[in-house]
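Novice: 1215 is the number of the first residue of the sequence shown in this note's numbering; add one for each residue after it.
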Amino acid sequence: MDLIIENVDHFKAMAPRADVPPVAPPAAHHYDSFCETVALKMVLKVLLSSVDKIVKVQIANKVEQEISQIERQVVKAGGGPVSADDLAQMTQYVRHTVKTLLE
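#1: For tyrosine 1307 and glutamine 1283, I'd like the C-alpha separation in whole angstroms.
#2: State the Cα-Cα distance for the pair aspartate 1254 and leucine 1316, rounded to the nearest angstrom.
#3: If the criterion is Cβ atoms closer than 7 Å, does the pair valine 1277 and valine 1312 meet it?
#4: How long is the line joining the alpha carbons of proline 1236 and valine 1288, rounded to whole angstroms?
#5: Since I believe leucine 1301 is in contact with glutamate 1285 (beta carbons under 8 Å), could you give me their beta-carbon distance rounded to a whole number of angstroms?
#6: How would you write the range of the alpha helix (DSSP H) that glutamine 1283 sits in, first residue to last?
#7: Where does the unbroken alpha helix (DSSP H) through alanine 1302 begin, and where does it stop?
#8: Would you identify the three-state DSSP class for valine 1277, choosing helix, strand or coil?
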């Protein structure tokens, strides 16, 4: 305590502390559907690699049956009517993905 009293003048003469700038909050992580899609494809590829040829053919046939339901599923999900170009693009994407996964 005596030391503080002896140095009061010195403490008064000290420059005030600099304001500490506020720390910006960390950037929020945004949903990345591309990364999710890549991750899902990798998992499916690993799972399908252990399946024999007959099962892969059955999967491909089932996908072809499901492709006919794409438009109905989009409308059911609230997407509204699907144009012929969009439907063709979705169909092509599904077929390409299945082909890639089953190779």
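Don't be surprised by glycine CBs; every beta carbon is placed ideally from N, CA and C.
Bear in mind that the values here come from a model prediction, so they are computed numbers and not experimental data.
Specialist: Concretely, from the data shown:
#1: Each residue's Cα considered, the two are about 14 Å apart.
#2: Contrary to the premise, residue 1254 reads as leucine rather than aspartate in this sequence. When the Cα atoms are used, leucine 1254 and leucine 1316 turn out to be separated by approximately 14 Å.
#3: When the beta-carbon positions are compared, valine 1277 and valine 1312 come within less than 7 Å of each other.
#4: Looking at the two C-alpha atoms, the distance is approximately 47 Å.
#5: Here glutamate 1285 really is in contact with leucine 1301; their C-beta atoms are around 6 Å apart, less than 8 Å.
#6: Per DSSP, glutamine 1283 belongs to no alpha helix (DSSP H) and is neither H nor E.
#7: First-last of the alpha helix (DSSP H) with alanine 1302: 1298-1316.
#8: DSSP, read as helix, strand or coil, puts valine 1277 in helix.
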